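A.B. asks: I have a structure here, written as structure tokens, and I will follow up with some questions on it.
Chains as they are written, first to last, in the numbering used here: chain Y, 351 to 630; chain C, 5 to 299.
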């Protein structure tokens with residue numbers, strides 16, 4: 351018995367090493383100078399240039415137009431992450447409320463209209479979606495960045511499942527007290543859904559922050575670049591130079607992963623709850 | 005699940021609540037989807053002077069092209085390998101973490117956080133690890149006489165893409181397998197422990213069948229991940245030089261649509277992908293769910 355326990359820990363620790371090491375190495379390497387990295391390769395030691403590199407990356411005006419800073423990109427990522435998460439929660443709670451708590455003609459039809467969107471990811475219709483954006487003149491706007499990503503019913507599906515598990519007695523009691531649909535929604539359902547909302551918020555923020563393909567297509571104006579989309583620009587610049595700015599590329603990568611990773615680690619319990627409760 | 009016993013009835017309120025979501029879905033889901041299907045039957049003039057109806061010829065061109073079939077083959081192999089390794093490593097770690105009572109939550113935290121890293125960011129870190137000059141994995145492989153050249157050698161690039169894609173997906177599978185395992189009642193485990201002394205056999209005959217719903221769900225999720233979400237990893241790793249590098253079907257849609265300006269061809273490819281995803285989903289709901297025993 352003791353031996354198996356020991357090997358279990360060995361396997362787990364090896365797993366942890368595989369998951370952790372690349373990012374630790376990336377961070378440590380980002381504190382070295384570019385020439386130093388070019389000479390000695392990736393590093394596991396502290397290079398001592400943390401402050402300079404990260405300050406440069408955050409404040410230096412770079413890109414083709416020489417106007418965008420890492421800080422700008424971070425703000426744009428924040429707008430995308432928050433806007434997407436909030437938008438998703440508002441839209442899906444309202445829609446799920448209508449589907450679960452109302453009796454109306456065509457309810458089944460609307461249900462299927464909404465849930466068909468779960469079948470096809472945005473990636474399979476990127477080109478026509480981009481053309482729609484062009485027609486509506488939404489390229490290089492925050493609206494164009496956020497709203498099309500909302501066209502999927504994942505959130506609605508979670509809230510529908512959750513509302514169905516809410517006891518019927520609550521609505522009966524509320525109606526006896528004379529509560530109408532708005533009052534019931536705001537005073538009973540919203541407070542009751544708080545943990546569910548938190549879980550979905552975390553998942554959706556991470557999803558929004560991490561978007562890549564859509565921002566790449568939607569934004570040609572560097573003022574709208576997000577950090578994750580900026581990764582591509584780093585590489586394009588990187589390919590041509592003599593001694594690539596490995597340190598700055600890695601520093602941007604670390605900055606791009608910091609907020610979502612922190613959120614997942616800190617709100618782990620809600621995050622896992624949201625993921626696993628909403629699977630089917 | 006049955007509908008609520010009591011419901012509101014109002015002539016317009018439910019439509020008001022549904023309106024925002026429906027509006028967005030119509031404009032950004034149905035409109036482009038229908039457009040994709042429509043333009044897959046047309047040959048678009050590159051200068052924007054209208055389009056000619058060409059029937060199925062975009063489809064036959066795509067399906068006859070040896071380049072497309074090569075990419076389809078790579079996509080199938082890539083998807084199979086990524087799914088297999090991400091699932092099996094995730095399951096292994098979950099089983100071990102489930103067996104270890106103390107340290108369970110520490111392992112959980114340490115193993116799931118990579119989930120939050122965006123695919124292109126993972127791709128960038130992967131690029132560094134597989135870099136010709138500074139990459140430790142390249143150095144390690146040289147030890148064994150393997151000279152890895154990511155971006156130049158087709159096989160090596162594919163290898164690096166698979167490693168990074170698996171790495172990124174392990175945490176997701178780990179979370180689901182672990183919560184699936186922890187959902188198995190203690191009484192079942194005890195009964196299994198009495199009936200079956202060998203841990204490995206117990207796992208195969210008792211635990212794994214109970215995990216089947218989770219595993220099948222994850223199978224579909226992982227296939228979808230490998231098909232679509234690896235776009236960022238691939239885009240970063242091939243650095244816009246798709247010609248000699250392995251790419252997946254989604255990447256080809258993007259290349260033909262945005263670089264090649266081949267609207268009809270790209271749309272036909274989109275529709276083929278839609279059909280693949282649709283079949284996968286139906287497969288999940290119909291075939292698999294019927295065979296898997298819940299409870």
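Even glycine gets a Cβ: it sits at the ideal position worked out from N, Cα and C. A quick note: this is a predicted structure, and the numbers were derived from the prediction, not measured.
Give the secondary structure of residue 46(C) by DSSP, where H, G and I count as helix, E and B as strand, and everything else as coil.
C.D. replies: Residue 46(C): strand per DSSP, three-state reduction.
A.B. asks: Can you give me the C-alpha to C-alpha distance between residue 193(C) and residue 515(Y), rounded to a whole angstrom?
C.D. replies: The alpha-carbon atoms of residue 193(C) and residue 515(Y) are separated by roughly 28 Å.
A.B. asks: Can you have a look at residue 453(Y) and say buried or exposed, based on whether 16 or more other CB atoms are within 10 angstroms of its CB?
C.D. replies: exposed
A.B. asks: Going by beta carbon distance, what residues of the same chain come within less than 7 Å of residue 364(Y), once the five residues before and after it are set aside?
C.D. replies: none
A.B. asks: Between residue 254(C) and residue 473(Y), how many whole angstroms is the CB-CB distance? I'm expecting something under 8 Å.
C.D. replies: 5 Å
A.B. asks: Under 8 Å Cβ-Cβ, which residues of chain C neighbour residue 582(Y)?
C.D. replies: 124, 239 and 240
A.B. asks: If you measure from the beta carbon of residue 429(Y) to each beta carbon in chain C, is any gap under 8 Å?
C.D. replies: no
A.B. asks: Whole angstroms are fine: how far does the CA of residue 73(C) sit from the CA of residue 154(C)?
C.D. replies: 23 Å
A.B. asks: Using 8 Å as the threshold, is the region 223-237 of chain C in touch with the region 463-477 of chain Y, meaning 3 or more CB pairs across them?
C.D. replies: yes
A.B. asks: For residue 437(Y) and residue 151(C), I'd like the C-alpha separation in whole angstroms.
C.D. replies: 49 Å
A.B. asks: Rounded to a whole number of angstroms, what is the C-alpha to C-alpha distance between residue 271(C) and residue 279(C)?
C.D. replies: 12 Å
A.B. asks: Is the shortest distance between the beta-carbon of residue 465(Y) and the beta-carbons of chain C less than 8 Å?
C.D. replies: no
A.B. asks: Within 10 angstroms of the Cβ of residue 382(Y), are there 16 or more other Cβ atoms? Answer buried if so, exposed if not.
C.D. replies: buried
A.B. asks: Taking residue 208(C) as the query, report the chain Y residues whose CB atoms sit under 7 Å from its CB, ordered along the chain.
C.D. replies: Per Cβ cutoff of 7 Å: no residues; residue 208(C) is ~17 Å from chain Y at best.
A.B. asks: Would you check if the region 570-589 of chain Y and the region 537-557 of chain Y touch, i.e. whether three or more CB-CB distances between them fall below 8 Å?
C.D. replies: no
A.B. asks: Quick one: does residue 529(Y) have its CB under 8 Å from some CB of chain C?
C.D. replies: Not closer than 8 Å to any Cβ of chain C, the Cβ of residue 529(Y) fails to qualify, so no.
A.B. asks: Since residue 55(C) sits in a beta bridge, which residues does DSSP pair it with?
C.D. replies: 48(C)
A.B. asks: Of the choices 136(C), 60(C), 24(C) and 84(C), whose alpha-carbon is the least far from that of residue 441(Y)?
C.D. replies: 24(C)
A.B. asks: Cutting at 6 Å between CB atoms, please list the residues of its own chain near residue 267(C), excluding the five before and the five after it.
C.D. replies: 43 and 48
A.B. asks: Leaving out five residues on either side along the sequence, give the residues of the same chain with a beta carbon under 6 Å from the beta carbon of residue 29(C).
C.D. replies: none
A.B. asks: Evaluate residue 204(C) with the Cβ neighbour count: other Cβ atoms within 10 Å of its Cβ, from every protein chain shown; 16 or more gives buried, anything less gives exposed.
C.D. replies: exposed
A.B. asks: Starting from the Cα of residue 10(C), find the closest Cα among 456(Y), 525(Y) and 475(Y) and give me that residue.
C.D. replies: Of the candidates 456(Y), 525(Y) and 475(Y), the residue whose Cα lies closest to the Cα of residue 10(C) is 525(Y).
A.B. asks: According to DSSP, simplified to helix, strand and coil, what is residue 104(C)?
C.D. replies: coil
A.B. asks: Between residue 304(Y) and chain C, is any beta-carbon pair separated by less than 8 Å?
C.D. replies: With chain Y running from 351 to 630 in the structure shown, residue 304(Y) is simply not present.
A.B. asks: With a CB to CB cut of under 6 Å and the five nearest residues on each side skipped, what residues in its chain are close to residue 601(Y)?
C.D. replies: 380, 403, 404 and 407
A.B. asks: Where are the beta strand (DSSP E) runs, 3 residues long or more, that stay fully inside the region 481-546 of chain Y, in chain order?
C.D. replies: With a minimum length of 3 residues, no continuous beta strand (DSSP E) run stays inside the region 481-546 of chain Y.
A.B. asks: In angstroms with no decimal places, state the Cα-to-Cα distance between residue 394(Y) and residue 374(Y).
C.D. replies: Looking at the two C-alpha atoms, the distance is approximately 7 Å.
A.B. asks: Does the beta-carbon distance from residue 532(Y) to residue 446(Y) come in below 8 Å?
C.D. replies: no
A.B. asks: Between 444(Y), 465(Y), 399(Y) and 432(Y), which has its C-alpha nearest residue 554(Y)'s C-alpha?
C.D. replies: 432(Y)
A.B. asks: List, in chain order, every chain C residue whose beta-carbon is nearer than 7 Å to that of residue 301(Y).
C.D. replies: Any answer about residue 301(Y) is impossible in this case: the structure gives chain Y only from 351 up to 630.
A.B. asks: Quick check: the region 617-629 of chain Y against the region 175-186 of chain C, are at least 3 beta-carbon pairs closer than 8 Å?
C.D. replies: yes
A.B. asks: For a cutoff of 8 Å on Cβ pairs, would you count residue 167(C) as touching chain Y?
C.D. replies: no
A.B. asks: I need the DSSP call for residue 298(C), collapsed to helix, strand or coil.
C.D. replies: Confidence in residue 298(C) is poor, its pLDDT being 47 and thus under 50, which makes the residue's placement unreliable; the coordinate value appears in the next sentence. The answer is coil: DSSP assigns residue 298(C) none of H, G, I, E or B.
A.B. asks: Kindly list, in the order they appear in chain C, the residues whose Cβ is closer than 7 Å to that of residue 377(Y).
C.D. replies: Neighbours of residue 377(Y) on chain C: none; closest Cβ ~10 Å, over 7 Å.
A.B. asks: Three-state secondary structure (DSSP) at residue 611(Y)?
C.D. replies: helix
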